[in-house]
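Structure first, commentary second.
In our numbering, the protein residues as written are 993 to 1274.
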């Protein structure tokens, strides 16, 4: 019997996306720990991201290369990343960590629908089945999620989820699209908006180091997600990213002393099992 060669590119993509989920699951903890208002965090995060990755582009001498490869898809990725990234942070200021994580768990379905309708990529049956099982986990968690905030935060989380699903599809459809420069520009958009409308942004100097650490963690998550998504389908990328759903309440418990309910733990276990099955049943 001839054994086909193992697809190490797909394995690398899965590892990157899972790692990005770990970093993304820390976002809610960082935002909750930082006393500054949500928009201030968004703006200062953009400044730090520009410093981190703008410098990285210069050191690696890839700025000219990414500018040369900056086409229409890169502009769309920049806009989508700006909207979804801003909504992601603001959502944590208006609703709970659990609510944001739960709504993001619907990303596999949105990514599958977008990919199917946009470039006719049919998701594997096991991915769709695992996505439906993860939806059951979401329903279990939402049944007992009574600590969430208002509808505004939930709507922001939904906007973020739609944006992230679209972001995955952009890089799957156009894998040659540069990654770092669109992220830098996307995180400068809120700063331009602030200057345009002359909004006051103030922050305690003692919070700057925490915002800088949060920015570095968020950038690592975004880059890993964009790079890993080039090697696997959008639905699978979003499904593996949904591991953030059970991880976020765990980190909230460890760092914020927020005790997850029994329904959260049960639903999270179901989502993690669904993701694992989708990973091994190739």
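Ideal placement from N, C-alpha and C gives every residue a C-beta, glycine not left out.
DSSP-derived helix/strand/coil call for residue i
| i | result |
| --- | --- |
| residue 1141 | Only weak support is given to the placement of residue 1141: the predicted model assigns it a pLDDT of 48, under 50, and the value that follows is read from those uncertain coordinates. Three-state DSSP puts residue 1141 in coil, outside helix and strand. |
| residue 1191 | coil |
| residue 1251 | coil |
| residue 1196 | coil |
| residue 1018 | coil |
| residue 1235 | coil |
| residue 1062 | coil |
| residue 1166 | coil |
| residue 1116 | coil |
| residue 1285 | Outside the shown range of the chain, which is 993 to 1274, sits residue 1285, and nothing can be said about it. |
| residue 1087 | coil |
| residue 1026 | coil |
| residue 1099 | helix |
| residue 1262 | helix |
| residue 1006 | helix |
| residue 1224 | coil |
| residue 1037 | helix |
| residue 1171 | coil |
Rounded C-alpha distance that separates residue i from residue j
| i | j | result |
| --- | --- | --- |
| residue 1092 | residue 1024 | 13 Å |
| residue 1070 | residue 1202 | 25 Å |
| residue 1130 | residue 1257 | 11 Å |
| residue 1018 | residue 1207 | 11 Å |
| residue 1194 | residue 1026 | 13 Å |
| residue 1103 | residue 1189 | 34 Å |
| residue 1239 | residue 1221 | 20 Å |
| residue 1141 | residue 1060 | Note on residue 1141: pLDDT 48, under 50, position unreliable in the model; the coordinate value appears next. Roughly 44 Å between the two C-alpha positions. |
| residue 1231 | residue 1161 | 13 Å |
| residue 1120 | residue 1199 | 42 Å |
| residue 1170 | residue 1062 | 7 Å |
| residue 1247 | residue 1076 | 25 Å |
| residue 1184 | residue 1255 | 42 Å |
| residue 998 | residue 1261 | Note that residue 998 scores a pLDDT of 47, beneath 50, so its modelled location is shaky and nothing firm can be said. |
| residue 1108 | residue 1226 | 10 Å |
| residue 1049 | residue 1182 | 21 Å |
| residue 1275 | residue 1042 | Because residue 1275 is not part of the residues shown, which for the chain are 993 to 1274, the question remains open. |
| residue 1029 | residue 1196 | 11 Å |
| residue 1064 | residue 1249 | 45 Å |
| residue 1180 | residue 1144 | 24 Å |
| residue 1215 | residue 1132 | 31 Å |
| residue 1056 | residue 1210 | 24 Å |
| residue 1068 | residue 1159 | 9 Å |
| residue 1241 | residue 1040 | 26 Å |
| residue 1007 | residue 1051 | 26 Å |
| residue 1058 | residue 1015 | 25 Å |
| residue 1237 | residue 1168 | 30 Å |
| residue 1009 | residue 1054 | 23 Å |
| residue 1005 | residue 1268 | 15 Å |
Residue from the options with nearest C-alpha to residue i
| i | options | result |
| --- | --- | --- |
| residue 1118 | 1100, 1111 and 1110 | 1100 |
| residue 1127 | 1155, 1145 and 1098 | 1098 |
| residue 1259 | 1022, 1077 and 1090 | 1090 |
| residue 1233 | 1248, 1244, 1217 and 1223 | 1217 |
| residue 1243 | 1008, 1009, 1021 and 1004 | 1021 |
| residue 1164 | 1033, 1052 and 1066 | 1066 |
| residue 1110 | 1264, 1166 and 1121 | 1166 |
| residue 1046 | 1269, 1029, 1215 and 1172 | 1172 |
| residue 1155 | 1086, 1178, 1248 and 1006 | 1178 |
| residue 1037 | 1269, 1212 and 1245 | 1212 |
| residue 1263 | 1146, 1124, 1159 and 1209 | 1124 |
| residue 1044 | 1176, 1214, 1250 and 1237 | 1176 |
| residue 1191 | 1016, 1031 and 1007 | 1031 |
| residue 1146 | 1005, 1014 and 1084 | 1084 |
| residue 1078 | 1159, 1035, 1241 and 1168 | 1035 |
| residue 1251 | 1009, 1088 and 1159 | 1088 |
Whole-Å CB distance - residue i paired with residue j, under 8 Å assumed
| i | j | result |
| --- | --- | --- |
| residue 1224 | residue 1011 | Wrong, their Cβ atoms sit about 13 Å apart, outside the cutoff. |
| residue 1153 | residue 1095 | 6 Å |
| residue 1150 | residue 1086 | Actually they are not in contact, since the Cβ atoms of residue 1150 and residue 1086 sit about 12 Å apart, beyond 8 Å. |
| residue 1219 | residue 1270 | Wrong, their Cβ atoms sit about 20 Å apart, outside the cutoff. |
| residue 1033 | residue 1106 | Not confirmed; about 28 Å, so no contact. |
| residue 1266 | residue 1157 | The pair is not a contact, with the Cβ atoms about 17 Å apart (cut-off 8 Å). |
| residue 1174 | residue 1112 | Contact doesn't hold; Cβ gap of about 25 Å is too wide. |
| residue 1013 | residue 1205 | Contact flag wrong, Cβ pair sits at about 19 Å. |
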